[in-house]
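Student:
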């Protein structure tokens with residue numbers, strides 16, 4: 001059985017993974033490209049791919065049999081980001097609704113990570 005402190009460390013690993021993929025490794029081309037009205041798929045896939053690779057690293061350390069969570073993360077992350085883009089493009093960064101969409105996006109990603117931890121716990 002996984003100890004509670006170990007679970008906390010796994011969740012923190014996913015949070016760190018998210019910060020790295022969203023704010024350190026995401027290039028300007030990914031960030032701007034995935035918000036375009038056309039030609040957005042490649043930059044979005046590249047960004048989601050970074051998330052998938054980092055998820056694979058975390059999972060291979062703690063639960064290698066769940067390697068497939070990396071593919072799930074690719075799809076889920078891309079879906080959340082594209083949904084946020086479609087909603088947020090209606091607003092400007094100086095509008096509260098823009099930041100509400102951003103906050104919901106970030107919360108959705110963290111809830112996703114929590115679900116991954118549940119998969120790891122239940123094996």
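Residue numbers (full-length UniProt numbering): 1 to 123. Cβ atoms here follow ideal geometry from the backbone N, Cα and C, with glycine treated the same way. For clarity, every value in this text was computed on a predicted model and none was experimentally measured.
Using alpha carbons as the reference points, say which of 107, 120, 121 and 119 lies closest to residue 15.
Tutor: Locating residue 15 in the chain shown gives position 15, where the first residue counts as 1. Nearest option by C-alpha distance: 107.
Student: If you drop the 5 nearest sequence neighbours on each side, which residues of the same chain put their C-beta closer than 6 Å to that of residue 74?
Tutor: If you number the chain shown from 1, residue 74 lands on position 74. Same-chain partners within the cutoff: 48 and 52.
Student: Per DSSP, what kind of secondary structure is residue 132 in: helix, strand or coil?
Tutor: What the structure shows of the chain is the stretch from 1 to 123, and residue 132 is not part of that stretch, so it cannot be assessed.
Student: With a Cβ-Cβ cutoff of 9 Å, do residue 61 and residue 13 count as a contact?
Tutor: Taking the first residue of the chain shown as position 1, residue 61 is located at position 61. Taking the first residue of the chain shown as position 1, residue 13 is located at position 13. Contact flag set, yes.
Student: Can you tell me which of 95, 96, 59 and 55 puts its alpha carbon nearest to the alpha carbon of residue 77?
Tutor: In the chain shown, residue 77 corresponds to position 77, counting from 1. Checking every option, the nearest Cα to that of residue 77 belongs to 55.
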